[in-house]
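Residues in the sequence shown are numbered from 299 upward in steps of one, following my numbering. Each residue gets a CB set at the ideal place from its N, CA and C atoms; glycine is no exception. Report on the following structure.
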Amino acid sequence: MFDRAVIQSQIAHLIADKLELDEPAVDTDLFDAGVLDSLSYVRLVVELQQEFEVQISLGEIDLDQFRTVEQIAEFLMHHDAELATA
299 MFDRAVIQSQ IAHLIADKLE LDEPAVDTDL FDAGVLDSLS YVRLVVELQQ
349 EFEVQISLGE IDLDQFRTVE QIAEFLMHHD AELATA
């Protein structure tokens, strides 16, 4: 299982490194701040799959709950817990 602070740091670094954007604060709304648009959002999901070795379907993501690094970390932690019990 993932540690919340570690995963948040990894996500913020991933956004900065792979998407070549400024590293966001964990509570920044990535869409409102202009960090993510529809194309970079899809790229982020692909990068998250590779980084965390998980399969994420765009259909399983509620975009309103995937707007901040905190929310993305929560999604991944919940997703990981579901996989562990499957």
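Subject >> Burial state of Ala371 (16 or more Cβ within 10 Å) >> reply: buried
Original post:
Is it the case that the Cβ atoms of Val333 and Leu319 are separated by a distance below 7 angstroms?
Top reply: yes
**OP:** Specify the secondary structure class of Asp360 as computed by DSSP and reduced to three states.
**Re:** coil
Original post:
Using a Cβ-Cβ cut-off of 7 angstroms (strictly less than) and excluding sequence neighbours within five positions of Thr366, which residues of its own chain qualify?
Top reply: Val324, Asp325, Thr326, Asp327, Leu328
**OP:** Check each candidate in Glu358, Ile354, Glu345 and name the one with the smallest Cα separation from Ile309.
**Re:** Glu345
Original post:
Span of the alpha helix (DSSP H) holding Ser355?
Top reply: Run containing Ser355: none; DSSP gives neither H nor E here.
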